[in-house]
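A.B. asks: The structure under discussion is supplied below as structure tokens; questions concerning it will follow.
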Amino acid sequence: MLVEILNSVSLPIFKLGMVFIVALSFSCNTGMKEGDKALPDQISYNFHIRPILSDNCYACHGPDANKREADLRLDIEEEAFQALKEDPEKHALVSGKPGKSEVYLRIVSEDQGEKMPPPDSKLSLEDDQIKLIEKWIRQGAKYEPHWAFVPPKKSNLPGIEQTQWPTNPIDYFILDKQEEMGLGPNLEADKEMLLRRVSLDITGLPPTLAMMDNFLNEDGSEAYEALIDSLLADKAYGEKMAIQWMDLARYADSHGYQDDNYRSQWPWRDWVIHAFNKNLPYDQFITWQIAGDLLPDATKEQVLATGFNRNHKITEEGGVIDEEYRVEYVVDRTNTVSKAILGITMECAQCHDHKFDPFSQKEYFQMFAFFNNVKEVGHESNVGGPETYAKHPKIQITNEDINGILSFVNKPDTLDLMVSVMGDITDTARSTYVLERGAYDAPGDQVFPGTPSNILPFGPQFPKNRLGLAQWFFDERNPLTARVFVNRIWLEFFGKGLVGTEGDFGMQGDLPSHPELLDWLAMDFMETGWDIKRLVKLIVSSSTYKQSSSINSEKLLSDPDNRFYTRSDRQRLKAELVKDLVMASSGLLEKEIGGPSVKPYQPDGLWEAAASTGAKFGILGTYIQDHGEKLYRRGLYSFIKRTLPPPSMMIFDGSNRDLCETKREATNTPLQALVMMNDPMILEASRVFAENLLKTESSGKDKIYTAFRSIVGRKPDTQEMGILQLQHQEMLTTYKDAPDKAKEVLEVGEFPSGENLNPIETAALMQVITLIYNLEETITRS
0 MLVEILNSVS
10 LPIFKLGMVF
20 IVALSFSCNT
30 GMKEGDKALP
40 DQISYNFHIR
50 PILSDNCYAC
60 HGPDANKREA
70 DLRLDIEEEA
80 FQALKEDPEK
90 HALVSGKPGK
100 SEVYLRIVSE
110 DQGEKMPPPD
120 SKLSLEDDQI
130 KLIEKWIRQG
140 AKYEPHWAFV
150 PPKKSNLPGI
160 EQTQWPTNPI
170 DYFILDKQEE
180 MGLGPNLEAD
190 KEMLLRRVSL
200 DITGLPPTLA
210 MMDNFLNEDG
220 SEAYEALIDS
230 LLADKAYGEK
240 MAIQWMDLAR
250 YADSHGYQDD
260 NYRSQWPWRD
270 WVIHAFNKNL
280 PYDQFITWQI
290 AGDLLPDATK
300 EQVLATGFNR
310 NHKITEEGGV
320 IDEEYRVEYV
330 VDRTNTVSKA
340 ILGITMECAQ
350 CHDHKFDPFS
360 QKEYFQMFAF
370 FNNVKEVGHE
380 SNVGGPETYA
390 KHPKIQITNE
400 DINGILSFVN
410 KPDTLDLMVS
420 VMGDITDTAR
430 STYVLERGAY
440 DAPGDQVFPG
450 TPSNILPFGP
460 QFPKNRLGLA
470 QWFFDERNPL
480 TARVFVNRIW
490 LEFFGKGLVG
500 TEGDFGMQGD
510 LPSHPELLDW
520 LAMDFMETGW
530 DIKRLVKLIV
540 SSSTYKQSSS
550 INSEKLLSDP
560 DNRFYTRSDR
570 QRLKAELVKD
580 LVMASSGLLE
590 KEIGGPSVKP
600 YQPDGLWEAA
610 ASTGAKFGIL
620 GTYIQDHGEK
630 LYRRGLYSFI
640 KRTLPPPSMM
650 IFDGSNRDLC
660 ETKREATNTP
670 LQALVMMNDP
680 MILEASRVFA
690 ENLLKTESSG
700 KDKIYTAFRS
710 IVGRKPDTQE
720 MGILQLQHQE
730 MLTTYKDAPD
740 KAKEVLEVGE
750 FPSGENLNPI
760 ETAALMQVIT
770 LIYNLEETIT
780 RS
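If you read the sequence shown in numbering that gives the first Met the number 0, its first letter stands for residue 0, the second for the next number, and so on.
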């Protein structure tokens with residue numbers, strides 16, 4: 000029965016068996032298709048040649064001096080054109096002359112001892128790649144700086160043919176590329192689907208029945224704009240936006256490592272929600288988190304924001320080497336800031352020069368130096384009460400703070416809170432050294448705070464501390480900060496970034512699918528004061544965003560990965576939002592904002608089966624489930640113990656928050672279906688929803704109709720209603736013949752059962768609702 004309903008309500012699935020599809024591969028500014036015999040008129044080093052060299056040559060002829068062969072670098076123009084050290088009569092590249100260029104000659108050589116890449120490397124070049132290199136050399140072998148390290152420029156809107164389609168500038172860039180490829184956009188999604196999409200994307204919650212009815216009865220673009228404004232003003236917006244930031248900031252409720260005890264870092268999460276809701280400009284949002292404690296006359300709110308860089312794992316195990324773990328914490332902060340804010344893989348330069356990007360090990364430890372002066376130790380005792388729930392440096396949040404500047408912190412009791420924050424040594428600064436092989440106990444040359452020069456040199460106008468680093472991030476010449484963030488917001492609303500490798504804008508990362516659009520958005524974001532809500536509104540107002548997700552065979556073949564945005568992508572909801580949808584649609588959702596994390600239903604014995612558990616290991620030694628309203632909080636507030644994160648969330652690809660995570664993987668496994676069929680949260684919500692519907696004066700058909708609309712976000716069609724009504728009748732018959740089974744089914748969850756309700760009718764309707772929750776469409780944002 001479930002399969003029948005899934006087939007009737009899901010979008011078409013094209014089963015392509017043993018069919019070879021030649022997919023279009025985007026090449027910026029050229030329209031070149033993979034497999035085409037014709038090469039682009041003008042070969043671009045950035046978009047055609049560098050990816051080939053980076054994948055096949057830079058490991059031996061790139062930035063890493065320790066791995067460099069023949070003393071030859073191909074990533075730097077000057078060195079690539081120099082005479083070869085092994086044969087001064089030869090050159091790797093000779094402008095305009097492939098036949099004189101050893102790079103080309105070695106690539107096409109049949110001599111296994113001469114051929115490049117070497118056969119034992121398991122690397123090889125396709126014929127089209129070889130032809131590209133040959134033509135590039137003929138055209139002069141001109142190098143270009145890596146696109147991501149060049150400051151963005153705001154180009155004019157491109158000319159397009161379908162001038163009636165665009166709603167805002169985004170659409171001009173998208174449609175221009177579609178028309179170049181001979182493609183076109185989808186029609187706009189119907190109002191029900193559009194409402195559900197934008198509600199889930201902005202607030203993480205499904206629309207209510209009242210919202211559906213009101214929106215369906217209104218016409219015109221003004222109604223949609225008013226809807227967006229109301230969703231952005233909803234405090235649920237801050238909760239939805241915070242989910243992504245929790246992954247980036249590796250937020251958790253425990254310290255990690257083996258003795259994984261409690262930490263009281265949740266007031267920082269309250270601040271993140273508050274910052275998004277009050278639309279704190281992105282430059283301030285980041286500056287406060289990096290260096291709020293160093294701002295002139297820093298407020299307690301600004302200091303609390305620096306908890307961002309104290310979310311890393313902290314050991315509480317005895318017998319550890321203090322300095323080893325202190326260095327590990329600094330490494331974590333360096334890597335997190337580099338990936339989350341700059342979108343670069345600086346961690347690859349901890350032990351040696353970066354193998355692909357122009358970052359040296361010295362530059363890594365110059366970045367490291369910004370975070371090396373924090374007044375912390377590698378091991379801090381876990382013996383004691385609440386004062387050990389945060390590690391030094393830390394701040395105390397008092398009732399006076401709650402009644403004043405920290406009024407957004409949802410403090411549930413009268414006890415003072417302790418939160419780990421940033422705070423530097425003020426008497427004598429620590430010296431920073433390049434650590435040989437990245438080892439804590441192998442100091443080499445001394446270094447001072449600085450940044451990778453290929454991104455933007457750290458000039459004398461910046462103070463050599465974390466505040467100076469924050470100013471460097473937001474210098475108008477910094478090429479990465481704005482690009483990385485607008486790409487991340489694009490990812491949040493489209494399911495993929497304009498740069499697919501959202502955490503790696505370096506040479507091994509993906510090229511942007513729409514580079515002019517990426518730069519236009521980055522420049523617009525900076526020019527309008529780093530306004531996050533404005534950026535979100537711009538995206539969801541676009542015709543690109545409002546497209547239907549329907550797909551025909553032609554578009555499946557011509558744009559299989561939807562790289563040209565010829566339709567809306569279908570995306571499964573994040574783990575937290577699966578719970579949110581179930582709680583909200585059933586009426587169980589507790590909408591309280593902020594506060595300590597909660598422990599919902601979880602299979603017995605999980606924590607106890609792991610090491611370092613039991614009473615002697617503190618308050619996280621044994622899982623103690625919460626009760627009452629805490630069970631129905633949003634998924635954002637679920638307690639995350641790093642060594643044993645919430646199982647239902649992990650099944651839906653939630654993050655365990657060990658490290659900075661820029662994007663979650665999306666999997667499809669039978670376990671996900673089992674959760675939706677058997678999790679007490681789902682069954683309890685189905686029961687409560689059924690009880691609430693049975694209290695209304697409506698027909699059985701109307702009750703099913705209401706349940707479907709509330710959960711799926713649209714009106715069911717006649718066929719769907721017929722299937723659900725048939726299922727309802729079958730369950731009524733089943734439970735009439737076995738009333739004890741009906742009562743057993745209803746004994747789920749802690750929410751009080753409705754009084755004076757027929758258990759047979761309740762159980763039958765509950766099973767229909769559970770079935771609706773099990774639809775693939777239910778947990779898919781389409």
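Even for Gly, the Cβ is constructed at its ideal location relative to N, Cα and C.
What is the DSSP secondary structure of residue 179, counted as helix, strand or coil?
C.D. replies: Taking the sequence shown and counting its residues from 1, the one referred to as residue 179 is at position 180. It is helical.
A.B. asks: Straight-line CA distance for residue 603 to residue 621?
C.D. replies: As a working note, residue 603 is residue 604 in the sequence shown. As a working note, residue 621 is residue 622 in the sequence shown. Going by the C-alpha atoms only, they are around 10 Å apart.
A.B. asks: Would DSSP call residue 100 helix, strand or coil?
C.D. replies: Working through the sequence shown from its first residue, we reach residue 100 at position 101. Residue 100: strand per DSSP, three-state reduction.
A.B. asks: Going by beta carbon distance, what residues of the same chain come within less than 6 Å of residue 585, once the five residues before and after it are set aside?
C.D. replies: Residue 585 sits at position 586 when you count from the first residue of the sequence shown. Here the set comprises 684, 687, 688.
A.B. asks: Apart from the five residues on each side of it in sequence, which residues of its chain come closer than 7 Å, Cβ to Cβ, to residue 654?
C.D. replies: Indexing the sequence shown from 1 puts residue 654 at position 655. Around residue 654: 246, 660, 663.
A.B. asks: Looking only at C-alpha atoms, which of 355, 243, 454, 434 sits nearest to residue 341?
C.D. replies: Position 342 of the sequence shown, counted from the start, is the residue given in the question as residue 341. Residue 341 has its Cα closest to that of 454, out of 355, 243, 454, 434.
A.B. asks: Which of the three DSSP states, helix, strand or coil, is assigned to residue 443?
C.D. replies: The residue labelled residue 443 in the question sits at position 444 within the sequence shown. In the structure shown, residue 443 adopts extended strand secondary structure according to DSSP, grouped into three states.
A.B. asks: Quick check for students: name the residue ranges of the alpha helix (DSSP H) that lie wholly in the region 527-595, counting only runs of 4 or more.
C.D. replies: 531-540, 552-557, 574-585
A.B. asks: Please look up how many angstroms separate the CB atoms of residue 187 and residue 547, rounded, as I've assumed it's under 8 Å.
C.D. replies: Indexing the sequence shown from 1 puts residue 187 at position 188. Indexing the sequence shown from 1 puts residue 547 at position 548. 7 Å between Cβ atoms; contact.
A.B. asks: Whole angstroms are fine: how far does the CA of residue 126 sit from the CA of residue 36?
C.D. replies: By 1-based counting over the sequence shown, the position of residue 36 is 37. By 1-based counting over the sequence shown, the position of residue 126 is 127. Reliability fails at residue 36, whose pLDDT of 49 lies under 50, so the model's placement of it is uncertain and the value that follows must be treated cautiously. For residue 36 and residue 126, the distance between alpha carbons rounds to 10 Å.
A.B. asks: Spatial neighbours of residue 48 within its chain, please: C-beta separation below 6 Å, excluding the five flanking residues on both sides.
C.D. replies: The residue given as residue 48 occupies position 49 in the sequence shown. Only 135 meet the Cβ criterion.
A.B. asks: Could you tell me how far apart the beta carbons of residue 38 and residue 104 are, in whole angstroms, since I believe they sit closer than 8 Å?
C.D. replies: If you number the sequence shown from 1, residue 38 lands on position 39. If you number the sequence shown from 1, residue 104 lands on position 105. 20 Å between Cβ atoms; not a contact.
A.B. asks: Considering Cα atoms alone, identify which of 331, 400, 384 is closest to residue 366.
C.D. replies: Position 367 of the sequence shown, counting from 1, holds the residue named residue 366. Taking only the C-alpha atoms, the option nearest residue 366 is 331.
A.B. asks: Please confirm if the region 485-505 is in contact with the region 518-526, defined as three or more CB-CB distances below 8 Å between the two stretches.
C.D. replies: Segment contact: the region 485-505 against the region 518-526, three or more CB-CB distances shorter than 8 Å; contact assigned.
A.B. asks: Report the residue from 318, 436, 281 whose alpha carbon sits nearest the alpha carbon of residue 351.
C.D. replies: What you label residue 351 is simply residue 352 of the sequence shown in a count that begins at 1. Each of 318, 436, 281 was checked against the Cα of residue 351, and the nearest Cα belongs to 436.
A.B. asks: Using only the alpha-carbon positions, how far apart do residue 364 and residue 349 sit?
C.D. replies: Start at 1 with the first residue of the sequence shown, and residue 364 comes out as number 365. Start at 1 with the first residue of the sequence shown, and residue 349 comes out as number 350. Spanning the two alpha carbons is a distance of roughly 7 Å.
A.B. asks: Considering only residues of the same chain and omitting the five flanking positions on each side of residue 389, which have a CB-CB separation below 6 Å?
C.D. replies: Start at 1 with the first residue of the sequence shown, and residue 389 comes out as number 390. For residue 389, where only same-chain residues beyond five positions count, the Cβ hits under 6 Å are 263, 417, 418, 419.
A.B. asks: Using a Cβ-Cβ cut-off of 6 Å (strictly less than) and excluding sequence neighbours within five positions of residue 765, which residues of its own chain qualify?
C.D. replies: Taking the first residue of the sequence shown as 1, we reach residue 765 at position 766. The answer, listed in chain order, is 685, 686, 689.
A.B. asks: So what does DSSP say about residue 326, is it helix, strand or coil?
C.D. replies: Mapped onto the sequence shown, residue 326 falls at position 327. Note: residue 326 maps to helix in three-state DSSP.
A.B. asks: Can you tell me where the alpha helix (DSSP H) holding residue 761 begins and where it ends?
C.D. replies: Along the sequence shown, one-based indexing puts residue 761 at 762. That run of the alpha helix (DSSP H) goes 758-772.
A.B. asks: So, residue 552 versus residue 166, is the Cβ gap smaller than 7 Å?
C.D. replies: In the sequence shown, counting from the first residue as 1, residue 552 sits at position 553. In the sequence shown, counting from the first residue as 1, residue 166 sits at position 167. Their beta carbons are not under 7 Å apart, which means residue 552 does not touch residue 166 by this criterion.
A.B. asks: With distance defined between alpha-carbon atoms, name the residue in 313, 703, 287, 311 nearest to residue 301.
C.D. replies: The residue labelled residue 301 in the question sits at position 302 within the sequence shown. The shortest CA-to-CA distance from residue 301 to any of 313, 703, 287, 311 is the one to 287.
A.B. asks: State the DSSP-derived secondary structure class of residue 378, mapped to helix, strand or coil.
C.D. replies: Here residue 378 refers to the residue found at position 379 when the sequence shown is read from its first residue. Under the three-state reduction of DSSP, residue 378 is assigned to coil, being neither helix nor strand.
A.B. asks: For residue 843, count neighbouring C-beta atoms within 10 Å of its own C-beta (all shown protein chains included) and say buried if the count is 16 or more, exposed if not.
C.D. replies: There is simply no residue 843 to check, as the chain begins at 0 and stops at 781 in what is shown.
A.B. asks: Kindly indicate which three-state DSSP category residue 121 falls into: helix, strand or coil?
C.D. replies: For the purposes of this step, residue 121 is taken as residue 122 along the sequence shown, with counting starting at 1. Coil.
A.B. asks: Using CA atoms only, rank isn't needed, just tell me which of 226, 575, 682, 124 is closest to residue 213.
C.D. replies: Here residue 213 is taken as the residue at index 214 of the sequence shown, counted from 1. That would be 226, whose Cα lies nearest to the Cα of residue 213.
A.B. asks: Given this structure, state the Cα-to-Cα distance separating residue 778 from residue 636, to the nearest angstrom.
C.D. replies: As a position in the sequence shown, residue 778 is number 779, starting the count at 1. As a position in the sequence shown, residue 636 is number 637, starting the count at 1. Looking at the two C-alpha atoms, the distance is approximately 19 Å.
A.B. asks: Residues bridged to residue 395 by DSSP?
C.D. replies: Counting from one through the sequence shown, the residue named residue 395 turns up at place 396. Answer by DSSP bridge pairing, in chain order: 417.
A.B. asks: Should residue 383 go down as buried or exposed, given a rule of 16 or more other Cβ atoms within 10 Å for buried?
C.D. replies: For the purposes of this step, residue 383 is identified with residue 384 of the sequence shown, where counting begins at 1. The residue is exposed, with fewer than 16 neighbouring Cβ atoms inside 10 Å.
A.B. asks: Of the choices 62, 112, 238, whose alpha-carbon is the least far from that of residue 594?
C.D. replies: As a first step, residue 594 must be located in the sequence shown, where it is residue number 595. Of 62, 112, 238, the residue nearest in Cα terms is 238.
A.B. asks: For residue 667, count neighbouring Cβ atoms within 10 angstroms of its own Cβ and tell me buried if that reaches 16, exposed if not.
C.D. replies: Translated into the one-based positions of the sequence shown, residue 667 becomes position 668. Result: exposed.
A.B. asks: Beta carbon of residue 630, beta carbon of residue 606: below 7 Å?
C.D. replies: Reading the sequence shown from its first residue, position 631 is the one you call residue 630. Reading the sequence shown from its first residue, position 607 is the one you call residue 606. Contact flag unset, no.
A.B. asks: Suppose you measure from the CA of residue 69 to the CA of residue 90; what does that come to, to the nearest Å?
C.D. replies: In the sequence shown, the residue the question calls residue 69 occupies position 70. In the sequence shown, the residue the question calls residue 90 occupies position 91. If you take the alpha carbons of residue 69 and residue 90, they lie about 12 Å apart.
A.B. asks: Please classify residue 434: does DSSP put it in a helix, a strand, or coil?
C.D. replies: Within the sequence shown, residue 434 is the residue found at index 435, counting from 1. In the structure shown, residue 434 sits in a strand (DSSP, three-state: E or B).
A.B. asks: Leaving out five residues on either side along the sequence, give the residues of the same chain with a beta carbon under 7 Å from the beta carbon of residue 378.
C.D. replies: In the sequence shown, residue 378 corresponds to position 379, counting from 1. Once the five neighbours on either side are set aside, the close Cβ partners of residue 378 are 314, 319, 321, 324.
A.B. asks: For the putative contact between residue 202 and residue 170, defined by C-beta atoms under 8 Å, what is the C-beta separation to the nearest angstrom?
C.D. replies: Start at 1 with the first residue of the sequence shown, and residue 202 comes out as number 203. Start at 1 with the first residue of the sequence shown, and residue 170 comes out as number 171. Their Cβ separation, rounded to whole angstroms, is 24 Å, which puts residue 202 and residue 170 out of contact at 8 Å.
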